[in-house]
Amino acid sequence: MSEKISIIVPIYNERENLELFLTTLMQTLEPSGEEFEILLIDDGSTDGSDACIARLSAQYPHIRVIQFRRNFGQTAAMAAGFDYAGGSILIPMDADLQNDPRDIPAILAKLREGYDVVSCWRKSRQDAWLTRRLPSQIANLLISFISGVRLHDYGCTLKGYRREVVEHIRLYGEMHRFIPVYASWAGAKVAEIPVRHHPRISGSSKYGLGRTFKVILDLITVKLLGSYSTKPMYFFGGVGLMACGAGSLFALLTLYDKYFNNVKAHNNPLLLLAVFLFLLGVQFVLMGLVAELVIRTYFESQGKTPYIVRQIWNGDRKVDAKAVQHGKPEQK
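The sequence shown begins at -8 in the working numbering and counts up by one.
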């Protein structure tokens, strides 16, 4: 029995590219003999993409549409795709025609070799070097070094996943790029293959240099939660001991200055430095991590998702969003 494939496509203001993208995608999938569905996640587009999606979904019966009430970001769109997909193989990709649908058979072949995750490497990337490729290369090196999962291209949306390795992963921020890390830490087999990459011919990129800083902050969160979520005292205690050690050292220096250099303690800046180490450094770092843990606990304990769905339709039929989540039978 063949495995059903779910192609997950986050869309934000890609009206000019949608028709050609879907035509190319269908030309790849229909002759393959695979059972498949295409999930188009409209992430609050404002350029008329929703009308184009509605027309195309009526034309292609394989298409299902998830429309957000506003723009929640690519990670939330991918999380929605994972939640509502009915396939056992999940393949996210961009709709901007830079990812090539003709690489999907290679991803499927690699997954069927026994891998759980196939990460794609845009080996000949067709983007500006300074604003896109250089920040991406730095981010890839950092992620590979800190996570221990060595991949060339974490930022490529085109990837292949087996459902069981992603269904328990909760995505926040810009963390969709870290799915191979989460999966590898959970014991999944991760492979990487080179894929085609094309220059953007229409529309504008939604990525900028500001996203690099978000990735770095998310990487810190991933590392802390991945390494210390089950043993937080290792982190809290380590920071506390270092802060206490530094504070004690500065306190001793303050006493030394008082008795040997005749410097009054209230005039010695080292005393203030010791106080700030204890009160500001430790509190702010720990408060940031505790806040992250509280947010995740809130979402998961309440069964909430990081997105809000306006409506879903299959062809020209609107369906109940809850009924189709996780591939459940559709109901009107």
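Cβ coordinates follow ideal geometry from the N, Cα and C atoms, glycine included.
Can you list, in chain order, the residues of its chain with a C-beta nearer than 7 Å to that of S(-7)? Leave out the 5 residues immediately preceding and following it.
E25 and E26
Let me check understanding here. Comparing Cα to Cα, which of L280, H53 and D33 lies closest to F227?
L280
Does the Cβ-Cβ distance between R141 and H188 come in under 8 Å?
no
Compute the distance between the beta-carbons of A182 and V156, then report whether it is under 8 Å.
no
Which ranges does the alpha helix (DSSP H) cover as unbroken runs of at least 4 residues, wholly within the segment 115 to 179, from first to last along the chain?
125 to 138, 154 to 157 and 170 to 176
By the DSSP assignment, the beta strand (DSSP E) with V254 in it spans what residues?
Where V254 is concerned, there is no enclosing beta strand (DSSP E), given that its DSSP letter is neither H nor E.
Tell me, please, which residues DSSP counts as bridged to L268.
DSSP output for L268 lists no bridge partner at all.
Can you look up Q50 in the DSSP assignment and give me helix, strand or coil?
helix
Please go through the same chain and pick out, in chain order, the residues whose beta-carbon is closer than 6 Å to the beta-carbon of S110, but skip the five residues on each side of it.
L142, K150, P171 and E183
Unbroken alpha helix (DSSP H) run spanning A100, endpoints
I95 to L102
Tell me the rounded alpha-carbon separation between L30 and I57.
7 Å
Can you say whether N4 is buried or exposed, counting buried as having 16 or more other CB atoms within 10 angstroms of its CB?
buried
Pairs of beta-carbons, one from the segment 130 to 137 and one from the segment 91 to 104, closer than 8 Å: are there three or more?
no
Tell me, please, which residues DSSP counts as bridged to C111.
I184
With a Cβ-Cβ cutoff of 8 Å, do A49 and G306 count as a contact?
yes
Write down the C-beta distance between D38 and I2 rounded to the nearest angstrom, noting that I regard them as a contact closer than 8 Å.
Actually they do not touch by this definition, with Cβ atoms about 10 Å apart.
Output needed for W304: all residues of its chain with C-beta closer than 6 Å, excluding positions within five of it in sequence on either side, in chain order.
V56
With DSSP as the reference, label M(-8) as helix, strand or coil.
Only weak support is given to the placement of M(-8): the predicted model assigns it a pLDDT of 48, under 50, and the question is left unresolved by the model.
Taking the alpha helix (DSSP H) that F12 belongs to, which residues open and close that run?
R6 to L20
Spatial distance of D107 from L284 (CA atoms)
28 Å
Contacts around P96, its chain only, beta-carbon distance under 7 Å, and the 5 residues preceding and following it disregarded:
S23
Grab the span of the alpha helix (DSSP H) containing D74 for me, first residue to last.
Q65 to Y75
Measure the beta-carbon distance from R161 to G146 and round it to whole angstroms, keeping in mind my assumption that it falls under 8 Å.
So it is not a contact: roughly 20 Å between Cβ atoms.
Burial state of F267, where buried means 16 or more other Cβ atoms lie within 10 Å
exposed
Classify I(-2): buried if its beta carbon has 16 or more other beta carbons within 10 angstroms, exposed otherwise.
buried
Can you name the residues that DSSP bridges to D33?
I2 and Q58
On the three-state DSSP scale, how would you describe Q89?
coil
Just tell me which of P52, S79 and D87 has its CA closest to the CA of E10.
D87
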